[in-house]
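Undergrad: Structure incoming, see below.
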Ligand SMILES: *Cc1c(COP(=O)(O)O)cnc(C)c1O
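Numbering (our numbering), first residue to last: 49 to 292.
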């Protein structure tokens, strides 16, 4: 599929704007913009979109469904991130020793990914997803079990726990302080963990609507879809929701 010129121009503008938002937020708290990795979330968009983003200088791309990840990862050279809910029967497809898996939230998944990485002779990078808001609609390990889960994963020789990820509950408009507090919770957890587990340094948090709050609260990775690629087509009936 070819992307028309109007789309390409709109994308260039959006990419510039997202980078400016990251830069402003970082500088506002004395951080370096380069310490925040932009992950372009290409879910539901065609492979041509992912390829174009890479050509435009986006180094990292994310998908939340295994099937889409597998197809685009095969065709587009980027650093890939799996950010969606992971079922154990799909672990084999994401565990390639390179894709950063953001959504490890329970021991059974740690076991499955570690076993698969061992079989393949790779060390798999992962993040532990935290359900900071105890939101039953979202995946993630409860806050009070994060230390235990990170220690458990850290003990697996074929895993490398690189940090924490979260999707806070949707806050009502104007409730930025609520969202900020969730991001601060994730940072607090990371700060508690990093002395014992020095690889645990990344904070994957912040999306199109709240990336400034995330960067101000220490995000090292932001996952941005709509603000880069425009609105997503709704999924065909019967497929799963696109929230992680
Ligand atoms: C879709 C998705 C994003 C990006 O969301 P936007 O609001 O479009 O930026 C980020 N993280 C996860 C886990 C997602 O599923």
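All C-beta atoms in this analysis are idealised placements derived from N, C-alpha and C, irrespective of residue type, glycine included.
Report the option in 244, 82, 99 whose CA atom is closest to the CA atom of residue 50.
TA: For residue 50, the nearest C-alpha among the options comes from 99.
Undergrad: Does residue 190 pass the burial test, meaning 16 or more other C-beta atoms within 10 Å, or should it be called exposed?
TA: That one is exposed.
Undergrad: Report whether the distance from the Cβ of residue 127 to the nearest heavy atom of ligand 1 is below 7 Å.
TA: No, Cβ of residue 127 sits at least 7 Å from all heavy atoms of ligand 1.
Undergrad: Tell me residue 270's beta-bridge partners as DSSP assigns them.
TA: Per DSSP, 86.
Undergrad: Flag residue 214 as yes when its Cβ comes closer than 7 Å to any non-hydrogen atom of ligand 1, and as no otherwise.
TA: Outside the cutoff, so no.
Undergrad: Secondary structure at residue 166, three-state DSSP: helix, strand or coil?
TA: Helix.
Undergrad: Pull up the CB-CB distance for residue 131 and residue 112, whole angstroms please, since I reckon it's below 8 Å.
TA: Between residue 112 and residue 131 the Cβ distance is about 5 Å, and since that is below 8 Å, they are a contact.
Undergrad: For the segment 274 to 284 against the segment 241 to 249, do three or more pairs of beta-carbon atoms, one drawn from each stretch, fall closer than 8 Å, so that the two count as touching?
TA: Taking 8 Å as the limit for Cβ pairs, the verdict is that the segment 241 to 249 does not touch the segment 274 to 284.
Undergrad: Look at the alpha carbon of residue 141 and the alpha carbon of residue 169, and state the distance between them as a whole number of angstroms.
TA: Residue 141 and residue 169: Cα-Cα distance of roughly 15 Å.
Undergrad: Just how far apart, CA to CA, sit residue 93 and residue 266?
TA: Cα to Cα, residue 93 sits roughly 29 Å from residue 266.
Undergrad: Under 6 Å Cβ to Cβ from residue 258, same chain only, skipping five residues before and after it: list those, please.
TA: Here the set comprises 227.
Undergrad: Throw me the rounded Cβ distance for the residue 204 and residue 162 pair, which I believe falls under 8 Å.
TA: Between residue 162 and residue 204 the Cβ distance is about 4 Å, and since that is below 8 Å, they are a contact.
Undergrad: Provide the residue span of the beta strand (DSSP E) that contains residue 172, from first to last.
TA: Unbroken beta strand (DSSP E) run through residue 172: 172 to 179.
Undergrad: What whole-angstrom Cβ distance do residue 143 and residue 129 have, given they're in contact under 8 Å?
TA: 13 Å between Cβ atoms; not a contact.
Undergrad: Leaving aside the five residues before and after residue 69 along the sequence, list all residues of the same chain whose C-beta is less than 7 Å from its C-beta, in chain order.
TA: Excluding residues within five positions, the ones whose Cβ falls inside 7 Å are 259, 260.
Undergrad: Can you give me the C-alpha to C-alpha distance between residue 182 and residue 137, rounded to a whole angstrom?
TA: The alpha-carbon atoms of residue 182 and residue 137 are separated by roughly 25 Å.
Undergrad: Below 8 Å between beta carbons: does that hold for residue 157 and residue 134?
TA: Contact flag set, yes.
Undergrad: Alpha carbon to alpha carbon, how far is residue 153 from residue 160? Give it in angstroms, no decimals.
TA: Approximately 12 Å, taken between the alpha carbons.
Undergrad: Heavy atom of ligand 1 less than 7 Å from the Cβ of residue 89, yes or no?
TA: True, at least one ligand heavy atom lies under 7 Å from that Cβ.
Undergrad: Please state whether DSSP places residue 70 in a helix, a strand or coil.
TA: Here residue 70 sits in helix by DSSP.
Undergrad: Could you tell me whether the Cβ atoms of residue 215 and residue 186 are closer together than 8 Å?
TA: In contact: residue 215 and residue 186 (Cβ atoms closer than 8 Å).
Undergrad: Helix or strand or just coil, what does DSSP make of residue 244?
TA: Three-state result, residue 244: coil.
Undergrad: Would you kindly check if the distance between the Cβ of residue 85 and the Cβ of residue 108 is under 8 Å?
TA: Yes, these two residues count as a Cβ contact at 8 Å.
Undergrad: Under 8 Å, do residue 270 and residue 234 count as touching if we go by C-beta distance?
TA: No, the Cβ-Cβ distance between residue 270 and residue 234 is not below 8 Å.
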